[in-house]
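There are 2 protein chains.
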Amino acid sequence: MQLYSFFNSSTSYRVRIVLALKGLDYDYRPVNIRVGGHRDPAYVAEVNPSAVVPAIVTDDGVTLGQSLAIIDYLDAHHPEPRLIPEDPAERARVLELASLIACDIHPVNNLRILKYLQDKLGVTAEEKDAWYKHWVAEGLAAVERLLARYGSGPFCFGAAPTLADCCLVPQIANAERMGCNFDDYPKTMAAYRHAMALPAFAAAAPKRQPDFVQ
Amino acid sequence: MQLYSFFNSSTSYRVRIVLALKGLDYDYRPVNIRVGGHRDPAYVAEVNPSAVVPAIVTDDGVTLGQSLAIIDYLDAHHPEPRLIPEDPAERARVLELASLIACDIHPVNNLRILKYLQDKLGVTAEEKDAWYKHWVAEGLAAVERLLARYGSGPFCFGAAPTLADCCLVPQIANAERMGCNFDDYPKTMAAYRHAMALPAFAAAAPKRQPDFVQ
């Protein structure tokens, strides 16, 4: 399998965690989104029409983009360990938390948005920082409420990692890098720290990737 | 079942389409997000800790937020018609397109983001309009490429509607309201128009909801 990834991309990081948890080997294909590598015509035409990272190309030649679709696919084809539960009640909670992170938090703070704010709207560094922290704070407050109501540690939902943890970890790691404060999210941070202690989560971290640069 | 919804919310609209396609009855519970109804303490505590719309409360008392999680749940419990295919190859394409819309297009243009741009960053009406149209154009270009590569009409993927159509229709309807141009997306618009001709899609439209106002 090939994984098209950028070391600092949270959505790539989600898929790297899943591949590591399942023990799947893959060729790492770096796509430098800082210089527009995701818009390279050959990449868009042959690998990912969405023109984003991540994407996978399986050994059977299936190309697939969008981290949540990729993870659903990997979970069906390589079900050990199962990351999207089959039990309907557990499944609903895992997908709810994953969607909250993937739809309500991550998209408004990714690189292209921050670049647009800076380059096209001319916001100051302080305004950009406030924007980032505002959406993280609003989103993590919701994560914390969901975990308070439905969560059961030590992972987000019970004794084993799920898709929820695979989405949570990159989001928190990103927010740590941006200097956010996490005092109000004790359950969220407990789940994060628990996951980070696992070798699979550690191996997927940005600094462990071949395209990592400071 | 109860559906907590705002007439103009694209994510609520997705769930309304699914409920209509499956022929499920529900009580419509309006949440006016324009005046912060989604942050009402009783709503957050009792219905949706995410503090957004939509949310459902089933007849068994299950409360669930996040449109994609709700649709997955409804599709498992009321599988006629199936909207998230079981066949792995079809399923991957449907989830990829749905994720593209739900993660890459919708979140950066919803009400809270446009309000922040206007109220906190003081962008002009022209800048806000350009922001909206920029992300729609970038997103729909990706939708069009995905459909060109993997789609098969008359719906996004074949002869019956799927989750992809349930996400596409509200996104296009929203973009139409905002005056976007669709000339570059013929396959996307053909799928949109085909879906809009179905009574279930028409019944879910904002103007058909009890909380609709001009």
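Each protein sequence line maps, in turn, to chains A and B. Note that full-length UniProt numbering gives residue 81 to position 81 of the first sequence, counting from 1, and the numbers run on in steps of one. Note that full-length UniProt numbering gives residue 31 to position 31 of the second sequence, counting from 1, and the numbers run on in steps of one. Here a beta-carbon is modelled for each residue, glycine too, at the ideal position from N, C-alpha and C.
So, are the CB atoms of residue i and residue j less than 7 Å apart?
i	j	result
ILE56(A)	ILE70(A)	yes
LYS187(A)	LEU147(A)	yes
LEU83(A)	LEU19(A)	no
CYS156(A)	ILE101(A)	no
VAL15(B)	PRO54(B)	yes
PRO107(B)	VAL136(A)	no
TYR4(B)	VAL35(B)	no
GLU96(A)	GLN66(B)	yes
THR63(A)	MET1(A)	no
TYR150(A)	ALA92(B)	no
Can you give me the C-alpha to C-alpha distance between residue i and residue j, rounded to a whole angstrom?
i	j	result
ASP27(A)	ARG112(B)	40 Å
PRO161(B)	THR11(B)	17 Å
PRO88(A)	CYS103(B)	23 Å
GLY37(A)	TYR43(A)	8 Å
TRP124(A)	GLU176(B)	Reading the sequence as shown, one finds Thr at residue 124(A) and not Trp. Between THR124(A) and GLU176(B), the C-alpha separation is close to 32 Å.
LEU121(A)	GLU80(A)	46 Å
GLN209(A)	ARG29(A)	10 Å
PRO85(B)	ASP60(B)	26 Å
ILE105(B)	LEU68(A)	15 Å
PHE182(B)	ASP129(A)	34 Å
TYR192(A)	PRO154(A)	9 Å
LYS115(A)	ASP184(A)	29 Å
ALA198(B)	ALA142(B)	Correcting the residue type first, residue 198(B) is Leu in the shown sequence and not Ala. Roughly 25 Å separates the two Cα atoms.
MET189(B)	MET196(B)	10 Å
ALA98(B)	GLN214(B)	28 Å
ASN110(A)	HIS194(A)	25 Å
GLU138(A)	GLU138(B)	26 Å
PRO41(A)	ASP119(B)	38 Å
GLU126(A)	GLU126(B)	23 Å
Go through its chain and collect everything with a Cβ distance to residue i's Cβ below 8 Å, but skip five positions before and after it.
i	result
PRO206(B)	PHE7, ASN8, TYR13, ALA173, PHE212
TYR78(B)	For the sequence presented, residue 78(B) should be read as His rather than Tyr. Cβ neighbours of HIS78(B) beyond the five flanking positions: LYS22, LEU24.
ALA51(A)	HIS38, ARG39, TYR43, VAL44
PRO49(A)	GLY65
Once the 5 residues before and after residue i are set aside, which same chain residues still bring their CB inside 6 Å of it?
i	result
MET178(B)	TYR132
ILE17(A)	CYS166, PHE201, ALA204
VAL31(A)	TYR4, PHE6, GLY37, HIS38, VAL53
LEU117(B)	VAL123, LYS128
ASP75(A)	LEU83, ILE84
CYS180(B)	LYS133, VAL136
Leaving out five residues before and five after residue i in sequence, what residues of the same chain have Cβ atoms less than 7 Å from its Cβ?
i	result
PRO170(B)	SER10, TYR13, ARG14
GLY158(B)	SER152
GLU90(A)	PHE157
Looking at the ligand ADP, does it come within less than 6 Å of residue i, judged from the CB to the closest heavy atom?
i	result
SER9(A)	Although the ligand ADP was asked about, the structure shown includes no ligands whatsoever.
Interfacial residues, the segment 90–104 of chain B to chain A, with Cβ spacing under 9 Å: Cβ contacts with chain A: ARG91, ALA92, ARG93, VAL94, LEU95, GLU96, LEU97, ALA98, SER99, LEU100, ALA102, CYS103, ASP104.
Sequence ranges, beta strand (DSSP E) only - wholly within the segment 60–142 of chain A, length at least 3: Counting whole runs of 3 or more residues, the segment 60–142 of chain A contains the beta strand (DSSP E) stretches 63–65.
Identify each residue in the segment 44–69 of chain B for which the Cβ-Cβ distance to at least one residue of chain A is less than 8 Å, and report them in chain order. Within the segment 44–69 of chain B, the residues whose Cβ lies closer than 8 Å to some Cβ of chain A are VAL44, PRO49, SER50, ALA51, VAL52, VAL62, LEU64, GLY65, GLN66, SER67, LEU68, ALA69, listed in chain order.
Completely contained beta strand (DSSP E) runs for the segment 3–66 of chain A, where each covers 3 or more residues: For secondary structure counted as the beta strand (DSSP E) over 3 or more consecutive residues, the segment 3–66 of chain A holds these complete runs in sequence order: 27–30, 55–57, 63–65.
When Cβ atoms are compared, which residues of the segment 144–176 of chain B fall closer than 7 Å to chain A? Correct list: ARG145, LEU146, ARG149.
Near-chain A residues of the segment 113–131 of chain B (beta-carbon distance less than 9 Å), N- to C-terminal order: Of all residues in the segment 113–131 of chain B, only ILE113, TYR116, LEU117, LYS120, LEU121, VAL123, GLU127, ALA130, TRP131 come within less than 9 Å of chain A when Cβ atoms are compared, listed by chain position.
What residues in the segment 73–89 of chain B have a beta carbon less than 8 Å from any beta carbon of chain A? Residues TYR73, ALA76, HIS77, PRO88, ALA89.
Residues of the segment 9–32 of chain A with a CB closer than 9 Å to any CB of chain B: list them in chain order, please. Within the segment 9–32 of chain A, the qualifying residues are THR11.
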